[in-house]
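Protein chains in written order, with our numbering: chain A, 1 to 366; chain B, 367 to 761.
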């Protein structure tokens with residue numbers, strides 16, 4: 001008997017399970033229903049994407065400085081390019097743009113340094129960003145010291161104003177939020193109820209009513225002699241509103257710290273503030289970063305509401321541009337551009353927060 | 367030192383080192399501080415109001431409003447009071463919120479399920495939808511639909527028609543409206559009766575299944591009762607329902623049901639925006655159910671549809687409901703953006719026009735805020751009750 005011990009060579013996998021064909025079979029045409037869905041989706045994509053790409057790129061006009069340059073029937077990006085300075089700086093005096101640019105530059109360097117994982121001295125950079133940078137930014141943007149000309153806040157606008165509102169809103173809201181969250185978890189009934197009422201009231205009303213309140217009621221609350229800048233009033237409203245949301249994020253972080261940590265801190269004989277400052281908050285804050293980023297995204301989008309009380313943020317600049325008789329009828333371009341700017345910022349931040357969540361995930365979840 | 371030891375042993379701690387006493391002092395300080403700030407604000411406000419000649423109080427609610435509102439669910443014209451404007455605004459807010467919650471839930475669940483589809487293309491399209499719409503400010507989306515889409519529709523004479531009964535133009539959507547004849551009350555009564563009947567059918571079916579194991583097609587039976595009973599009564603009572611079809615008269619359509627473009631824009635934007643968030647919630651809810659549950663159900667011979675209905679969805683709902691509640695609350699609060707395009711909601715009518723005409727900032731803003739607080743409270747109470755019913759009962 002001849003016994004063949006030689007192994008036969010492996011047969012290649014069947015043709016229709018590999019390559020593009022196999023992939024399509026598996027992912028697009030696995031069942032009759034799936035095939036129908038795929039075909040419908042392809043058709044819908046075809047009839048929506050082709051005209052959109054044609055409008056936005058193929059037939060678009062990019063160069064020029066008035067609407068006469070728009071002749072090819074597609075998108076008229078001239079509307080955007082002609083007003084780009086306004087979109088970025090609002091009505092800031094043109095010869096002083098460099099001051100805003102410096103602030104933008106420092107800000108981006110700081111953000112990059114804090115986001116990149118391997119930067120050394122992160123603690124120092126963070127304290128610089130939180131304590132020194134705001135002072136520099138204030139003097140550069142507003143002026144008033146060091147021989148810098150004052151630029152009134154009603155001339156601020158565009159992306160610059162959007163960023164100022166969002167960054168000041170979140171940074172100022174953070175300490176208030178931490179205090180409110182600690183108060184909410186406090187054993188002292190008066191402190192606790194005060195914090196609960198504060199948080200629940202601001203979380204229960206729309207931001208727009210808070211802004212209305214800040215713009216019409218706040219002036220009644222303070223002595224007549226004190227005049228209160230419109231931007232400052234909006235900021236007060238935003239910070240109040242945002243600190244309530246921040247408090248809930250912090251509370252989530254505090255609740256996620258195992259009870260043993262609190263007990264260990266107590267067993268070491270640390271006082272309340274020491275145990276919070278040295279043991280609980282550092283751990284909680286680290287866990288809260290994704291939550292803070294998400295709050296920041298929400299705030300960044302919400303800053304567009306200030307146009308209702310008459311501040312000229314990025315979106316308000318489009319609205320203003322649309323009522324300019326020279327540019328009637330280019331609303332789609334304006335909205336698409338501003339939507340794109342907001343989208344880039346928010347999408348970037350949400351990707352960052354998801355990456356952080358994966359990185360900080362300690363594996364307690366399944 | 368011996369004295370100190372003695373003191374401690376006797377529980378005679380110095381005042382500042384006793385946590386109980388310290389916390390009392392701390393709370394007293396906070397209370398006084400809040401009180402003082404409140405008092406200063408009160409003083410300033412009194413002074414400011416006096417110097418501007420604004421009277422306080424709620425008498426203004428009875429004064430004649432003198433301005434028109436483009437959409438009102440209750441009879442309203444210029445001669446009605448500011449109190450009525452408040453109600454009109456409130457009802458309009460509730461209308462757009464309720465419709466928004468309804469449509470956003472449906473669209474959100476659809477997108478969320480599509481995101482998990484085995485069909486690669488469908489899953490990708492759903493993912494792109496979510497990433498686009500939740501990262502663009504809602505106000506911008508409202509503006510886009512209102513100024514860039516609905517404003518570009520043709521005028522009344524060139525309206526888009528649907529089977530000659532519904533029309534779409536720059537002034538809004540015109541639909542036929544039902545005209546209820548005599549005897550229509552009986553149909554409504556039959557509808558209520560059908561709902562009661564369904565309740566009992568469901569109870570009976572459950573008891574029967576518990577006792578005998580036989581399943582009863584509750585859904586189809588309920589649907590039959592719900593549609594059949596009112597329909598029979600409708601025929602018996604003489605089919606007294608007519609439709610008023612909008613007609614082009616002069617420069618605009620008259621008659622029928624009109625949906626103003628402000629409402630459409632707001633509703634489309636709220637639905638699309640909130641649905642993106644709901645979709646993510648639904649996805650994470652379904653993903654949180656371990657695969658073993660599906661496999662166990664299939665191993666028992668339960669069909670895929672029933673697995674989804676009886677095993678996956680009820681468990682996923684426990685994860686979904688709390689964040690879904692916050693999305694509903696967000697939607698209600700976001701409906702206040704209506705004021706930016708002039709849909710007559712509470713903020714626009716009351717905190718806008720009424721406030722400007724009367725100058726009663728404190729009363730108007732507090733009433734507006736109180737309404738939103740109450741609405742938020744009611745919705746979260748209801749959703750918490752529902753959540754409790756659905757929650758896992760653990761030993």
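Note that CB positions come from ideal geometry on N, CA and C, so glycine has one too.
Could you tell me the distance, in whole angstroms, from the CA atom of residue i to the CA atom of residue j?
i              : j              : result
residue 21(A)  : residue 43(A)  : 20 angstroms
residue 558(B) : residue 688(B) : 31 angstroms
residue 380(B) : residue 262(A) : 25 angstroms
residue 749(B) : residue 185(A) : 24 angstroms
residue 615(B) : residue 436(B) : 19 angstroms
residue 424(B) : residue 729(B) : 7 angstroms
residue 519(B) : residue 638(B) : 20 angstroms
residue 397(B) : residue 385(B) : 18 angstroms
residue 573(B) : residue 562(B) : 17 angstroms
residue 560(B) : residue 546(B) : 20 angstroms
residue 787(B) : residue 690(B) : Not covered by the structure: residue 787(B). The range shown for chain B is 367 to 761.
residue 721(B) : residue 715(B) : 9 angstroms
residue 408(B) : residue 399(B) : 14 angstroms
residue 192(A) : residue 179(A) : 11 angstroms
residue 389(B) : residue 305(A) : 41 angstroms
residue 483(B) : residue 653(B) : 12 angstroms
residue 513(B) : residue 338(A) : 14 angstroms
residue 367(B) : residue 274(A) : Any answer about residue 367(B) is weak, because its pLDDT of 43 lies below 50 and its placement is not dependable; what the coordinates show is given next. Each residue's alpha carbon lies about 27 angstroms from the other.
residue 38(A)  : residue 27(A)  : 10 angstroms
residue 464(B) : residue 24(A)  : 42 angstroms
residue 243(A) : residue 594(B) : 54 angstroms
residue 73(A)  : residue 328(A) : 15 angstroms
residue 713(B) : residue 111(A) : 37 angstroms
residue 356(A) : residue 312(A) : 33 angstroms
residue 451(B) : residue 697(B) : 22 angstroms
residue 32(A)  : residue 488(B) : 14 angstroms
Given a threshold of 16 other Cβ atoms within 10 Å of its Cβ, counted over all protein chains shown, does residue i qualify as buried or as exposed?
i              : result
residue 448(B) : buried
residue 517(B) : exposed
residue 446(B) : buried
residue 711(B) : buried
residue 699(B) : buried
residue 521(B) : exposed
residue 333(A) : buried
residue 526(B) : exposed
residue 734(B) : buried
residue 336(A) : buried
residue 345(A) : buried
In chain A, what lies closer than 8 angstroms to residue i by C-beta?
i              : result
residue 717(B) : 209 and 212
residue 446(B) : None at all; the shortest Cβ gap to chain A is about 23 angstroms.
List the residues of chain A that residue i touches, going by C-beta distances under 7 angstroms, in chain order.
i              : result
residue 742(B) : 204
residue 393(B) : 188, 190 and 191
residue 734(B) : 209
Can you list the residues of chain B that residue i reaches, using a CB-CB cut of under 7 angstroms?
i              : result
residue 70(A)  : Per Cβ cutoff of 7 angstroms: no residues; residue 70(A) is ~16 angstroms from chain B at best.
residue 223(A) : 410
residue 308(A) : 705 and 706
In chain B, what lies closer than 8 angstroms to residue i by C-beta?
i              : result
residue 295(A) : Residues of chain B passing the Cβ test: none, with the nearest at roughly 13 angstroms.
residue 335(A) : 506, 509, 510, 513 and 514
For a contact meaning CB atoms closer than 7 angstroms, what does residue i contact in chain D?
i              : result
residue 332(A) : Absent from the structure is chain D; the protein chains it does hold are A and B.
What is the DSSP secondary structure of residue i, counted as helix, strand or coil?
i              : result
residue 8(A)   : coil
residue 149(A) : coil
residue 538(B) : strand
residue 420(B) : coil
residue 501(B) : coil
residue 76(A)  : strand
residue 610(B) : strand
residue 313(A) : strand
residue 205(A) : coil
residue 14(A)  : coil
residue 373(B) : Annotation note: pLDDT 46 at residue 373(B) (below 50); position unreliable, coordinate value reported separately. Helix.
How would you list, in chain order, the residues of chain A whose beta-carbon sits under 9 angstroms from the beta-carbon of residue i?
i              : result
residue 739(B) : 200, 201, 204 and 205
For a contact meaning CB atoms closer than 9 angstroms, what does residue i contact in chain B?
i             : result
residue 85(A) : What residue 85(A) touches in chain B: nothing, since even the nearest Cβ is about 21 angstroms away.
Query raised in the report: So, do the segment 84-99 of chain A and the segment 159-174 of chain A have three or more beta carbon pairs nearer to each other than 8 angstroms?
Result: These segments touch.
Requested in this report: Please confirm if the segment 499-509 of chain B is in contact with the segment 734-745 of chain B, defined as three or more CB-CB distances below 8 angstroms between the two stretches.
Outcome: Flag = no, the segment 499-509 of chain B and the segment 734-745 of chain B do not touch.
Query raised in the report: If we count Cβ pairs, one from each stretch, closer than 8 angstroms, do we get three or more for the segment 583-594 of chain B versus the segment 528-541 of chain B?
Result: no
Query raised in the report: Quick check: the segment 54-72 of chain A against the segment 114-132 of chain A, are there 3 or more CB pairs under 8 angstroms?
Result: no
Query - the segment 132-152 of chain A / the segment 91-108 of chain A touching (three or more Cβ pairs under 8 angstroms) - result: yes
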